[in-house]
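Visitor:
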């Protein structure tokens, strides 16, 4: 295979023209689709590799690759971030654009499976028509076909295949139905295409150039005309656009990037209005094709109003919408706490005798004693303190993600967030932040505006993640009562609002507009929820837990050699002097920077199984929890912040959170002490 | 200003057409205003025939030229087409 890289003089994009036919048995196949079309579920059904899925746009913000062997081919299957068209509007969509157009020249895609959410096929055609201009073999997977049938939607698949000249396979990826069939169809098409010497000649020209150009000025087409209109549409991209590029001495003949490049011309050549005008003319034809195709192949037979219509009347209501939002959030947190408590008690009963046995075993073992005790503390800390609260909370987050409620939250919250300098779209990141700040910051790639991304990226570490929820539920709820747990969340909310207001005023952020899809409601499937929990639990199991165990062993040895007192004394100006905490809370606070739940486990560990209440007053427990809640983000979050918003803003964010933690913990401690609250 | 419950046809899009197309807002598509937020600044719309609902800032919608669409007229046209076929 020979590649001739060429660079566009105007826009800087690089095109790769291929000469010769690929003889290798390796194929690279991309799963492309609009956000929330089920690509990741499709990907999961074809591989053992599991990626996270959800019922909102933008779950996948970077691509995932897996290798599978089919029909003597080694297939490299890529799950690309969702994109609405080749006009990318955020970083995640640009990843898809770059790969599909092979901008980096080292990642040529041999075939595309366009995963389409069947219920919104007409909208998906916007992307289909763009993909057709890339001249890469395509198969369309009409995904969630069962849901479409239930909703009274009928798709005339043979007609769609004929019009687009593309194989169409109905699939139910969550059940794994027909996903392999779609892949086999694509392989077949790639093989056929190779034998046809890389050209699409299956539709013979029937119209003259004048007739083809005339399509530009028509708003509707007969069903029989559409295959030719689509072929003409592809030719128009090439002919009209290449004319223009030739006049500006830019692109070269047969460049595959022309349509893709023009879709984003405002980004590359904002001053060149004429190119945008030509592009818009072709897009008008594209709009008319989409509407015509839809009218022939897509029928909805269900009477209105549907379940979604009725539910939205309540969920998005100006008053009841906010009432239901409050009830949903409150119930979910209360249930997480209730179930968490029950699980913690259960684990305590089961592991209690085991703990005593290990302590007896470790006694008088000399240098090995701290190792055995530290190991036990780390393992039991994970099972007895972290997991009981983590798992119910993850179930709640997963159900929320799959139900389709989060985009509705975005709509409800948009009004309130605008004065703070962010749009409703950021709600997604904040809700994800309740699970993990890392994935929340990653999700900001879906934000269209740089300013909003920076602002939200700096503030997200204030969102109480699941690790901090473990601290709140175990320490605050457990020792101070449920109402103080609620207070902690409200405190986080107030701090987030104040920081947003402050930073927004300082940076004078230009508020981006807001546009978001509202997906249909879906009943979360048990399989999907369990997969999500496993994916998140796995990161705790294989990353956080081993470090936690190592931490408790280190603490155990520090204690054995009496070194912990030195460290605790060194930080006593902060713990004792400013915060009024016991001296040996310093080491748990230091470990909390690695991950927030460590602080809690290390606190229990440093007390040698004494009850916290005999060691700290309720006020001290409160101050310790407030400080943990707000002070510096964990190390993984810091690393993600540096990557996503840069070192400068990360340092500002760390400084802000540390100052806020110090100031608020100190002030509330003094005020509550004076008032005698505890 | 668009009104709740009314139906409009998208006559043209004045700025950054591809971005609107990304959300299914394409020329000649029909949209219905389902609801508005408390401050009337965020609008909840349905793109008829596309089975798509979107929430959109009023400022975004201002870039689209809309013509009020008479649904009864459309129904009448459909009936006429049916009788012709």
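Protein chains in written order, with our numbering: chain A, 1 to 678; chain B, 679 to 763. Glycine is no exception: its CB is placed at the ideal position from the N, C-alpha and C atoms.
Distance check for residue 499 (chain A) and residue 464 (chain A), CA to CA, integer angstroms please.
Guide: Indexing the first chain from 1 puts residue 464 (chain A) at position 464. Indexing the first chain from 1 puts residue 499 (chain A) at position 499. Spanning the two alpha carbons is a distance of roughly 15 angstroms.
Visitor: Do the CB positions of residue 37 (chain A) and residue 117 (chain A) come within less than 8 angstroms of each other?
Guide: Here the question's residue 37 (chain A) lines up with position 37 in the first chain. Here the question's residue 117 (chain A) lines up with position 117 in the first chain. Going by C-beta atoms, residue 37 (chain A) is nearer than 8 angstroms to residue 117 (chain A).
Visitor: Express the C-alpha separation of residue 743 (chain B) and residue 177 (chain A) in angstroms, rounding to a whole number.
Guide: On the first chain, residue 177 (chain A) is found 177 positions in, with the first residue counted as 1. On the second chain, residue 743 (chain B) is found 65 positions in, with the first residue counted as 1. The alpha-carbon atoms of residue 177 (chain A) and residue 743 (chain B) are separated by roughly 43 angstroms.
Visitor: Take residue 458 (chain A) and list the residues in its own chain whose beta-carbon comes closer than 6 angstroms to its own, dropping the five residues that flank it on each side.
Guide: For the purposes of this step, residue 458 (chain A) is taken as residue 458 along the first chain, with counting starting at 1. Only 649, 653 meet the Cβ criterion.
Visitor: Which residue comes first and which comes last in the alpha helix (DSSP H) that contains residue 108 (chain A)?
Guide: Numbered from its first residue, the first chain carries residue 108 (chain A) at position 108. Premise fails: residue 108 (chain A) is in no alpha helix (DSSP H) and is neither H nor E.
Visitor: Are the Cβ atoms of residue 740 (chain A) and residue 553 (chain A) separated by less than 8 angstroms?
Guide: Residue numbering for chain A in the displayed model covers 1 to 678; residue 740 (chain A) lies beyond these limits and cannot be assessed.
Visitor: Can you find the residues in the same chain that come closer than 8 angstroms, C-beta to C-beta, to residue 587 (chain A), ignoring five residues on each side of it along the sequence?
Guide: Counting from one through the first chain, the residue named residue 587 (chain A) turns up at place 587. If we look at residue 587 (chain A) and ignore the five residues flanking it on each side, its Cβ neighbours are 555, 558, 564, 567, 568, 602, 606.
Visitor: Roughly how many angstroms separate the alpha carbons of residue 343 (chain A) and residue 163 (chain A), rounded to a whole number?
Guide: On the first chain, residue 343 (chain A) is found 343 positions in, with the first residue counted as 1. On the first chain, residue 163 (chain A) is found 163 positions in, with the first residue counted as 1. Going by the C-alpha atoms only, they are around 57 angstroms apart.
Visitor: Counting C-beta neighbours from all protein chains within 10 Å, is the total for residue 192 (chain A) 16 or more, i.e. buried, or is it exposed?
Guide: By one-based count along the first chain, residue 192 (chain A) stands at place 192. The residue in question, residue 192 (chain A), is exposed, as its Cβ has fewer than 16 Cβ neighbours within 10 Å.
Visitor: DSSP on residue 713 (chain B), reduced to helix/strand/coil?
Guide: For the purposes of this step, residue 713 (chain B) is taken as the residue at position 35 of the second chain. It is a strand residue.
Visitor: Going by the CB atoms, is the gap between residue 525 (chain A) and residue 728 (chain B) shorter than 8 angstroms?
Guide: As a working note, residue 728 (chain B) is residue 50 in the second chain. As a working note, residue 525 (chain A) is residue 525 in the first chain. Contact: no.
Visitor: In the DSSP assignment, the alpha helix (DSSP H) including residue 515 (chain A) goes from what residue to what residue?
Guide: Here residue 515 (chain A) is taken as the residue at index 515 of the first chain, counted from 1. Note, residue 515 (chain A): premise wrong, no alpha helix (DSSP H); beta strand (DSSP E) at 515–518.
Visitor: Apart from the five residues on each side of it in sequence, which residues of its chain come closer than 7 angstroms, Cβ to Cβ, to residue 711 (chain B)?
Guide: In the second chain, counting from the first residue as 1, residue 711 (chain B) sits at position 33. Excluding positions up to five away in sequence, the list reads 680, 681, 682, 683, 684, 721, 723.
Visitor: With a threshold of 8 angstroms on Cβ separation, who are the neighbours of residue 85 (chain A) within its own chain once the five nearest residues in sequence on each side are excluded?
Guide: In the first chain, the residue the question calls residue 85 (chain A) occupies position 85. Once the five neighbours on either side are set aside, the close Cβ partners of residue 85 (chain A) are 126, 127, 130, 263.
Visitor: Which residues, in order along the segment 310–321 of chain A, keep a beta-carbon less than 7 angstroms from a beta-carbon of chain B?
Guide: Here the close residues are 316, 318.
Visitor: Pull up the CB-CB distance for residue 71 (chain A) and residue 187 (chain A), whole angstroms please, since I reckon it's below 8 angstroms.
Guide: As a position in the first chain, residue 71 (chain A) is number 71, starting the count at 1. As a position in the first chain, residue 187 (chain A) is number 187, starting the count at 1. With 8 angstroms as the limit, residue 71 (chain A) and residue 187 (chain A) qualify as a contact, their Cβ atoms being about 6 angstroms apart.
Visitor: Which two residues bound the contiguous beta strand (DSSP E) that contains residue 722 (chain B)?
Guide: Reading the second chain from its first residue, position 44 is the one you call residue 722 (chain B). Run containing residue 722 (chain B): 720–726, per the beta strand (DSSP E) assignment.
Visitor: Here's a check: name, in chain order, each residue in its chain whose Cβ is nearer than 6 angstroms to the Cβ of residue 469 (chain A), leaving out the five neighbours to either side.
Guide: Locating residue 469 (chain A) in the first chain gives position 469, counting from the first residue. Excluding residues within five positions, the ones whose Cβ falls inside 6 angstroms are 393.
Visitor: Would you report the Cα separation of residue 388 (chain A) and residue 480 (chain A), rounded to the nearest angstrom?
Guide: For the purposes of this step, residue 388 (chain A) is taken as the residue at position 388 of the first chain. For the purposes of this step, residue 480 (chain A) is taken as the residue at position 480 of the first chain. Whole-angstrom Cα-Cα distance: 18 angstroms.
Visitor: Would residue 517 (chain A) pass as a contact of residue 732 (chain B) if the rule is Cβ separation under 8 angstroms?
Guide: In the first chain, counting from the first residue as 1, residue 517 (chain A) sits at position 517. In the second chain, counting from the first residue as 1, residue 732 (chain B) sits at position 54. Against a cut-off of 8 angstroms, the Cβ pair of residue 732 (chain B) and residue 517 (chain A) comes out as a contact.
Visitor: Does any residue of chain B have a CB that is nearer than 8 angstroms to the CB of residue 84 (chain A)?
Guide: Within the first chain, the letter at position 84 stands for residue 84 (chain A). Cβ-Cβ to chain B under 8 angstroms: yes for residue 84 (chain A).
Visitor: Counting contacts by CB-CB distance shorter than 8 angstroms, is residue 683 (chain B) in contact with chain A?
Guide: Sequence index remark: in the second chain, residue 683 (chain B) carries index 5 (1-based). Judged by the 8 angstroms Cβ criterion, residue 683 (chain B) is not in contact with chain A.
Visitor: Quick check: the Cα distance between residue 45 (chain A) and residue 159 (chain A), rounded to an integer number of angstroms?
Guide: Translated into positions along the first chain, residue 45 (chain A) becomes position 45. Translated into positions along the first chain, residue 159 (chain A) becomes position 159. Their Cα atoms are separated by approximately 28 angstroms.
Visitor: Who pairs with residue 73 (chain A) in a beta bridge, going by DSSP?
Guide: Indexing the first chain from 1 puts residue 73 (chain A) at position 73. A:70.
Visitor: Taking any Cβ of chain B, which residues in the segment 510–528 of chain A have a Cβ under 7 angstroms from it, in chain order?
Guide: Result list: 513, 514, 515, 516, 517, 518.
Visitor: Which same chain residues, not among the five before or five after residue 197 (chain A), have their C-beta less than 7 angstroms away from its C-beta?
Guide: Numbered from its first residue, the first chain carries residue 197 (chain A) at position 197. Confidence at residue 197 (chain A) is low in this model, with a pLDDT of 49, below 50, so the placement of that residue should be treated as unreliable; the coordinate-derived value is given next. Within the same chain, residue 197 (chain A) has no close Cβ partners at all.
Visitor: Any contact between the segment 281–293 of chain A and the segment 702–711 of chain B? By contact I mean 3 or more CB pairs, one from each, below 8 angstroms.
Guide: Cβ pair count under 8 angstroms is three or more, so yes.
Visitor: Report the residues of the segment 685–719 of chain B with a CB closer than 7 angstroms to any CB of chain A, ordered along the chain.
Guide: Answer set for the segment 685–719 of chain B: 694, 695, 696, 697, 699, 700, 701, 702, 704, 705, 706, 707, 713, 715, 716, 717, 719.
Visitor: Since residue 27 (chain A) and residue 110 (chain A) should fall inside the 8 angstroms C-beta cutoff, what is the C-beta to C-beta distance between them, to a whole number of angstroms?
Guide: Translated into the one-based positions of the first chain, residue 27 (chain A) becomes position 27. Translated into the one-based positions of the first chain, residue 110 (chain A) becomes position 110. Confirmed, Cβ separation roughly 5 angstroms.
Visitor: Buried or exposed, going by whether 16 or more other CB atoms sit within 10 Å of the CB of residue 614 (chain A)?
Guide: As a first step, residue 614 (chain A) is located in the first chain; it is residue number 614 there, counting from the start. With fewer than 16 Cβ atoms within 10 Å of its Cβ, residue 614 (chain A) is classed as exposed.
Visitor: Would you mind sorting residue 536 (chain A) into buried or exposed? The rule is 16 or more other CB atoms within 10 Å of its CB.
Guide: Within the first chain, the letter at position 536 stands for residue 536 (chain A). It is buried - the Cβ of residue 536 (chain A) has at least 16 other Cβ atoms within 10 Å.
Visitor: Anything in chain B within Cβ reach of residue 406 (chain A), meaning under 9 angstroms, just list it in chain order.
Guide: Taking the first chain and counting its residues from 1, the one referred to as residue 406 (chain A) is at position 406. Under the 9 angstroms cutoff, chain B gives no residues; its nearest Cβ is about 12 angstroms from residue 406 (chain A).
Visitor: Using a Cβ cut-off of 8 angstroms, which residues of the segment 722–752 of chain B contact any Cβ in chain A, in chain order?
Guide: Answer set for the segment 722–752 of chain B: 722, 725, 727, 728, 729, 730, 731, 732, 733, 734, 735, 737, 738.
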